[in-house]
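A.B. asks: Taken in sequence, the protein lines are chains A and B. Just so we're aligned, residue 1 is where the first sequence starts under full-length UniProt numbering, counting upward by one. Just so we're aligned, residue 1 is where the second sequence starts under full-length UniProt numbering, counting upward by one. A virtual CB, placed ideally from N, CA and C, is assigned to each residue, including glycine.
Number of protein chains: 2
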Amino acid sequence: MPRLAHRTELAVPFHAVELFKEANTLIAQGKDIISLGIGEPDFTAPPTVVEALQRAAAAGQAQYTPPSGTDELKAALCDYYRDHFNASVQPEQILVTAGASGALNLAALALVNPGDEVLMPDPSYPANQNFILAAGGIPRLIPSTAENRFQLTAADIEQHWTEKTRGVLIASPSNPTGATIDPKDLAELIQAVKARDGFIIMDEIYLGLYYEDKPQSALCLDPSLIVINSFSKYFHMTGWRLGWLIVPTEIRPAIEKIAASLAICAPALAQHAALACFEPEAMAIYEQRRLAFKARRDFLLPAFAAMGIQVPVTPDGAFYIYADISQHSQDSDDFSHRLLHEAHVAAVPGLDFGPAYAKKMLRFSYSTSLERLEEAVERMRRFLA
Amino acid sequence: MPRLAHRTELAVPFHAVELFKEANTLIAQGKDIISLGIGEPDFTAPPTVVEALQRAAAAGQAQYTPPSGTDELKAALCDYYRDHFNASVQPEQILVTAGASGALNLAALALVNPGDEVLMPDPSYPANQNFILAAGGIPRLIPSTAENRFQLTAADIEQHWTEKTRGVLIASPSNPTGATIDPKDLAELIQAVKARDGFIIMDEIYLGLYYEDKPQSALCLDPSLIVINSFSKYFHMTGWRLGWLIVPTEIRPAIEKIAASLAICAPALAQHAALACFEPEAMAIYEQRRLAFKARRDFLLPAFAAMGIQVPVTPDGAFYIYADISQHSQDSDDFSHRLLHEAHVAAVPGLDFGPAYAKKMLRFSYSTSLERLEEAVERMRRFLA
Ligand SMILES: Cc1ncc(COP(=O)(O)O)c(C=O)c1O
Ligand SMILES: Cc1ncc(COP(=O)(O)O)c(C=O)c1O
Numbered sequence: 001m002p003r004l005a006h007r008t009e010l011a012v013p014f015h016a017v018e019l020f021k022e023a024n025t026l027i028a029q030g031k032d033i034i035s036l037g038i039g040e041p042d043f044t045a046p047p048t049v050v051e052a053l054q055r056a057a058a059a060g061q062a063q064y065t066p067p068s069g070t071d072e073l074k075a076a077l078c079d080y081y082r083d084h085f086n087a088s089v090q091p092e093q094i095l096v097t098a099g100a101s102g103a104l105n106l107a108a109l110a111l112v113n114p115g116d117e118v119l120m121p122d123p124s125y126p127a128n129q130n131f132i133l134a135a136g137g138i139p140r141l142i143p144s145t146a147e148n149r150f151q152l153t154a155a156d157i158e159q160h161w162t163e164k165t166r167g168v169l170i171a172s173p174s175n176p177t178g179a180t181i182d183p184k185d186l187a188e189l190i191q192a193v194k195a196r197d198g199f200i201i202m203d204e205i206y207l208g209l210y211y212e213d214k215p216q217s218a219l220c221l222d223p224s225l226i227v228i229n230s231f232s233k234y235f236h237m238t239g240w241r242l243g244w245l246i247v248p249t250e251i252r253p254a255i256e257k258i259a260a261s262l263a264i265c266a267p268a269l270a271q272h273a274a275l276a277c278f279e280p281e282a283m284a285i286y287e288q289r290r291l292a293f294k295a296r297r298d299f300l301l302p303a304f305a306a307m308g309i310q311v312p313v314t315p316d317g318a319f320y321i322y323a324d325i326s327q328h329s330q331d332s333d334d335f336s337h338r339l340l341h342e343a344h345v346a347a348v349p350g351l352d353f354g355p356a357y358a359k360k361m362l363r364f365s366y367s368t369s370l371e372r373l374e375e376a377v378e379r380m381r382r383f384l385a
Numbered sequence: 001m002p003r004l005a006h007r008t009e010l011a012v013p014f015h016a017v018e019l020f021k022e023a024n025t026l027i028a029q030g031k032d033i034i035s036l037g038i039g040e041p042d043f044t045a046p047p048t049v050v051e052a053l054q055r056a057a058a059a060g061q062a063q064y065t066p067p068s069g070t071d072e073l074k075a076a077l078c079d080y081y082r083d084h085f086n087a088s089v090q091p092e093q094i095l096v097t098a099g100a101s102g103a104l105n106l107a108a109l110a111l112v113n114p115g116d117e118v119l120m121p122d123p124s125y126p127a128n129q130n131f132i133l134a135a136g137g138i139p140r141l142i143p144s145t146a147e148n149r150f151q152l153t154a155a156d157i158e159q160h161w162t163e164k165t166r167g168v169l170i171a172s173p174s175n176p177t178g179a180t181i182d183p184k185d186l187a188e189l190i191q192a193v194k195a196r197d198g199f200i201i202m203d204e205i206y207l208g209l210y211y212e213d214k215p216q217s218a219l220c221l222d223p224s225l226i227v228i229n230s231f232s233k234y235f236h237m238t239g240w241r242l243g244w245l246i247v248p249t250e251i252r253p254a255i256e257k258i259a260a261s262l263a264i265c266a267p268a269l270a271q272h273a274a275l276a277c278f279e280p281e282a283m284a285i286y287e288q289r290r291l292a293f294k295a296r297r298d299f300l301l302p303a304f305a306a307m308g309i310q311v312p313v314t315p316d317g318a319f320y321i322y323a324d325i326s327q328h329s330q331d332s333d334d335f336s337h338r339l340l341h342e343a344h345v346a347a348v349p350g351l352d353f354g355p356a357y358a359k360k361m362l363r364f365s366y367s368t369s370l371e372r373l374e375e376a377v378e379r380m381r382r383f384l385a
């Protein structure tokens with residue numbers, strides 16, 4: 001049997017896998033489980049995007065593309081930033097990737113040397129630690145606070161930056177909190193990191209899913225950031241595996257060389273089809289769906305409050321509610337198992353997002369219909385009564 | 001500007017990129033360039049596979065799949081090994097990936113610790129060095145010989161294995177040579193590596209494209225090998241980004257954990273559509289096309305011989321001819337530029353596959369129609385006259 005590399009042990013697992021297995025067993029037994037666990041939109045690609053894919057496939061547009069993506073898609077992404085996020089992005093800054101995952105992987109490989117430390121807030125998207133570990137780096141989870149919207153701050157940088165620290169990895173809106181970073185705080189954070197000659201990887205995968213003021217891309221504050229995005233969430237194309245990385249033009253060739261070797265290119269048919277995402281018809285559908293997500297959030301927040309489930313930071317994006325269940329249990333892991341088995345509602349315990357709030361918090365995902373959310377709340381109400 | 005990690009400098013570039021740029025400039029000037037450079041079939045997916053994709057897209061089968069791939073695809077792959085390569089593979093051994101690239105990346109991450117050396121023959125597929133480097137390992141190119149079909153041998157293992165060596169990465173048929181490893185030599189190689197407690201990564205991406213006796217998978221010799229394959233070449237689905245990794249069942253969970261974090265899953269629609277690849281209609285088309293490749297090879301080999309271009313090992317697979325042009329030039333790089341500019345034929349100079357044969361050899365790819373190959377030979381004949 002081949003011996004495995006150390007990183008296979010270091011890599012953090014997704015603890016909720018066990019919970020999902022139990023949920024599937026219950027479903028197989030005929031139980032009606034409402035999953036608020038999964039981080040995936042319940043919407044799929046609009047018809048015009050599906051048709052674009054079908055046309056591209058019929059035309060055999062399925063060769064390898066250039067490693068950084070097709071010119072057409074890079075141009076469309078530049079227009080998207082200009083038209084929607086008020087940011088100026090050049091095609092020469094873009095690398096099209098297999099999802100935000102591909103982009104995060106590439107960013108870590110490009111920026112992190114073995115032994116380098118990268119700071120990220122606790123809580124964070126669990127895979128973030130593994131991207132850094134895969135590059136030989138050391139992820140440092142910095143406990144964040146509700147006051148700071150569960151984001152890193154300039155003060156955190158001052159306190160936790162060491163000789164070995166090379167940069168930060170943040171997300172706005174964040175998973176699991178759905179909370180954006182305040183632009184003023186972000187500006188200070190950027191300044192603090194740059195003063196130390198560090199890098200900032202900003203994951204904007206949920207940027208399009210906003211429920212308050214329309215956000216700007218962090219690129220508006222600083223065009224030298226490393227920015228991650230994807231067609232998975234706002235464009236509802238999770239399994240298509242299409243995302244992108246934006247980097248300063250000067251460093252793109254070096255990153256492209258790695259991308260060309262390690263991935264050759266992102267899925268070609270998806271790249272061709274994704275052009276249809278930016279057409280008015282598809283955009284209108286995304287906006288409707290964004291409002292549907294907002295309606296779900298607006299239903300859940302008061303319902304949770306009424307059940308004594310606190311939401312320390314009102315989420316203004318993504319499709320997550322990061323909720324404090326300590327009024328009902330001192331162990332969110334145990335709570336989530338009971339919630340599953342007794343109320344048939346699945347949610348992800350805090351542990352997956354870092355140790356700081358492992359016991360207190362649960363992540364509820366509202367990527368399921370309002371009707372099902374109403375039913376879920378009804379079940380939770382009975383369970384907690 | 002963020003500082004880049006060292007591996008961005010270590011990563012070997014694809015030198016032929018410059019040549020391809022020149023070729024594109026000539027094409028833009030209206031010149032008719034025949035490319036024998038690119039490692040990509042000129043065929044695309046058969047109609048039934050395209051239709052399966054279109055149906056899957058219309059049905060919205062585009063969610064994330066399990067990280068190791070859909071059960072249906074894993075089952076189909078097991079049947080494929082049983083029916084075509086006489087090998088017994090269990091679904092629990094398979095990880096479906098974004099191309100062989102995704103599989104090679106994952107295999108390297110799973111097996112290579114920083115500082116570990118991995119042996120591979122010179123010449124090899126250029127990206128192989130970068131997969132090892134990305135995992136922090138050190139690729140060691142071992143000059144191979146025509147007598148040994150440009151493959152690693154047990155004697156190489158004895159000679160080059162050091163304290164730091166952890167395993168080998170080989171391909172059969174190989175890129176750039178199109179040559180398989182002799183089963184007896186492979187058995188000895190495996191024994192030599194296993195005696196040293198090393199791993200064997202066997203890239204079988206070209207296994208289906210054989211032109212002599214039907215080969216077996218290396219898994220028939222040893223079911224504990226790490227085997228790579230892809231839908232890119234035999235199934236003509238390069239831009240779809242779909243491949244797979246076969247590992248011993250015992251180590252799959254650890255690798256799956258990494259795959260789940262770093263990639264989430266392979267493209268979903270492609271996974272659903274790929275099931276149609278194994279239906280008789282599609283298989284009949286692949287076989288026809290395999291014979292078309294064979295006819296091209298059988299045309300080129302005597303034509304090259306007649307021009308004084310030696311082919312030290314007759315390729316029995318893939319779609320490459322690794323040819324010795326030293327009768328015409330002492331510098332294959334210069335030769336390839338003159339061939340492009342004077343004969344309008346593009347081929348990849350040896351340097352991309354390793355230093356050992358950098359000056360002597362060129363790789364010609366016959367992934368273009370017989371008519372165009374005839375024209376290419378005519379041009380080369382005139383050029384060499
Ligand atoms: C914050 C964040 N970043 C990145 C990803 C990866 O998404 P994808 O690779 O599908 O684009 C996810 C997925 O859940 C996420 O929540
Ligand atoms: C030997 C070899 N392995 C792996 C690959 C990667 O192919 P893909 O990622 O498209 O499956 C190639 C592509 O040319 C190759 O020649």
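Cβ of ARG289/A within 8 Å of Cβ of LEU370/A?
C.D. replies: Contact: no.
A.B. asks: Answer yes or no: does any C-beta atom of chain A fall closer than 8 Å to that of THR238/B?
C.D. replies: Yes, because at least one Cβ of chain A sits closer than 8 Å to the Cβ of THR238/B.
A.B. asks: Going along the region 188 to 202 of chain B in order, which residues come within less than 7 Å of chain A, judged by CB to CB distance?
C.D. replies: Within the region 188 to 202 of chain B, the qualifying residues are PHE199.
A.B. asks: Could you tell me whether the Cβ of PRO286/A comes closer than 8 Å to any Cβ of chain B?
C.D. replies: For the record, residue 286/A in the displayed sequence is Tyr; it is not Pro. Chain B contact via Cβ: absent.
A.B. asks: Tell me, please, whether the CB atom of PHE14/A is closer than 8 Å to any CB atom in chain B?
C.D. replies: It does; some Cβ of chain B falls within 8 Å.
A.B. asks: If we count the other Cβ atoms within 10 Å of its Cβ and call it buried at 16 or more, is LYS360/A buried or exposed?
C.D. replies: Label assigned to LYS360/A: buried.
A.B. asks: Buried or exposed: where does GLU250/A fall if 16 or more other Cβ atoms within 10 Å of its Cβ makes it buried?
C.D. replies: Under this definition GLU250/A is an exposed residue.
A.B. asks: The beta strand (DSSP E) with GLY167/A in it runs from where to where?
C.D. replies: Unbroken beta strand (DSSP E) run through GLY167/A: 165 to 171.
A.B. asks: Starting from LEU95/B and walking both ways along the beta strand (DSSP E), at which residues does that stretch end?
C.D. replies: Unbroken beta strand (DSSP E) run through LEU95/B: 94 to 97.
A.B. asks: Closest Cβ-Cβ distance between THR44/A and chain B: below 8 Å?
C.D. replies: Judged by the 8 Å Cβ criterion, THR44/A is in contact with chain B.
A.B. asks: Does the beta carbon of TYR366/B sit closer than 8 Å to a beta carbon anywhere in chain A?
C.D. replies: No - not a single Cβ of chain A is within 8 Å of the one on TYR366/B.
A.B. asks: Within the region 262 to 329 of chain A, note down every full alpha helix (DSSP H) run reaching 4 residues or more, in order along the chain.
C.D. replies: Whole alpha helix (DSSP H) segments, 4+ residues: 268 to 274, 280 to 306.
A.B. asks: Report the three-state DSSP secondary structure of LEU53/B (helix, strand or coil).
C.D. replies: LEU53/B falls in the helix class under three-state DSSP.
A.B. asks: TRP240/A by DSSP, collapsed to three states: which one?
C.D. replies: Looking at TRP240/A - three-state DSSP - the assignment turns out to be helix.
A.B. asks: Of the choices CYS265/A, PRO183/A, VAL193/A, ILE321/A, whose alpha-carbon is the least far from that of VAL118/A?
C.D. replies: Of CYS265/A, PRO183/A, VAL193/A, ILE321/A, the residue nearest in Cα terms is VAL193/A.
A.B. asks: Can you list, in chain order, the residues of its chain whose CB lies under 7 Å from that of ALA11/B, leaving out five sequence neighbours each side?
C.D. replies: ASN130, LEU133, listed in sequence order.
A.B. asks: Going along the chain, which unbroken runs of the alpha helix (DSSP H) with 4 or more residues stay wholly within the region 20 to 88 of chain B?
C.D. replies: Qualifying alpha helix (DSSP H) stretches, in chain order: 47 to 58, 71 to 85.
A.B. asks: In angstroms with no decimal places, state the Cα-to-Cα distance between PRO121/A and GLY69/A.
C.D. replies: Computed Cα separation, rounded: 31 Å.
A.B. asks: Flag this pair as yes or no: are the beta carbons of ALA110/A and ALA254/A separated by less than 8 Å?
C.D. replies: Yes, they are a contact pair.
A.B. asks: Quick check on ARG363/A - is its C-beta less than 8 Å from some C-beta in chain B?
C.D. replies: It does not: the Cβ of ARG363/A has no partner Cβ on chain B nearer than 8 Å.
A.B. asks: Closer than 7 Å to a non-hydrogen atom of ligand 1 - does that hold for the CB of SER88/A?
C.D. replies: False, no ligand heavy atom lies under 7 Å from that Cβ.
A.B. asks: Distance cutoff 8 Å, beta carbons only. Does GLN63/A sit that close to anything in chain B?
C.D. replies: At least one chain B Cβ lies under 8 Å of GLN63/A.
A.B. asks: Rounded to whole angstroms, what is the Cα-Cα separation between TYR206/A and PRO315/A?
C.D. replies: Each residue's alpha carbon lies about 12 Å from the other.
A.B. asks: For ALA154/A, which beta-bridge partners are listed by DSSP?
C.D. replies: ALA154/A is not bridged to any residue.
A.B. asks: Along chain B, which residues have their Cβ under 8 Å away from the Cβ of CYS265/A?
C.D. replies: Residues of chain B passing the Cβ test: GLY239, ARG241.
A.B. asks: Does GLN54/A come within less than 8 Å of chain B when only Cβ atoms are used?
C.D. replies: Closer than 8 Å to some Cβ of chain B, the Cβ of GLN54/A qualifies, so yes.
A.B. asks: How would you call ARG149/A, buried or exposed, if buried means at least 16 neighbouring beta carbons within 10 angstroms?
C.D. replies: With 16 or more Cβ atoms within 10 Å of its Cβ, ARG149/A is classed as buried.
A.B. asks: Hey, would you say the C-beta of ASP197/B is under 7 Å away from at least one heavy atom of ligand 2?
C.D. replies: No, the beta carbon of ASP197/B sits no closer than 7 Å to any heavy atom of ligand 2.
A.B. asks: Can you confirm whether PHE131/A, when its beta carbon is compared against all beta carbons of chain B, has any partner nearer than 8 Å?
C.D. replies: So, interface residue.
A.B. asks: Taking the beta strand (DSSP E) that ASP334/B belongs to, which residues open and close that run?
C.D. replies: From DSSP, ASP334/B is part of no beta strand (DSSP E) but of the alpha helix (DSSP H) over 332 to 338.
A.B. asks: Run the proximity test for ASN105/B: is its beta-carbon closer than 7 Å to any non-hydrogen atom belonging to ligand 2?
C.D. replies: Incorrect: ASN105/B has no Cβ contact closer than 7 Å to ligand 2.
A.B. asks: Do PHE335/A and ASP79/A have their C-beta atoms closer together than 8 Å?
C.D. replies: Going by C-beta atoms, PHE335/A is not nearer than 8 Å to ASP79/A.
A.B. asks: TYR210/A to ALA318/A, Cα distance in whole Å?
C.D. replies: So the alpha carbons of these two residues sit roughly 7 Å apart.
A.B. asks: Can you have a look at THR25/A and say buried or exposed, based on whether 16 or more other CB atoms are within 10 angstroms of its CB?
C.D. replies: THR25/A comes out exposed.
A.B. asks: Just to confirm my understanding: we take GLY137/B, look at its own chain, exclude 5 residues before and 5 after, and list those with CB closer than 8 Å. What are they?
C.D. replies: The residues are ALA108, VAL112, ASN113, PRO114, GLY115, ASP116, GLU117, VAL118, ARG166.
A.B. asks: Which residues in chain A sit within 8 Å of ASN229/B, going by Cβ to Cβ distance?
C.D. replies: Within chain A, no residue comes near ASN229/B; the closest Cβ sits about 15 Å away, beyond 8 Å.
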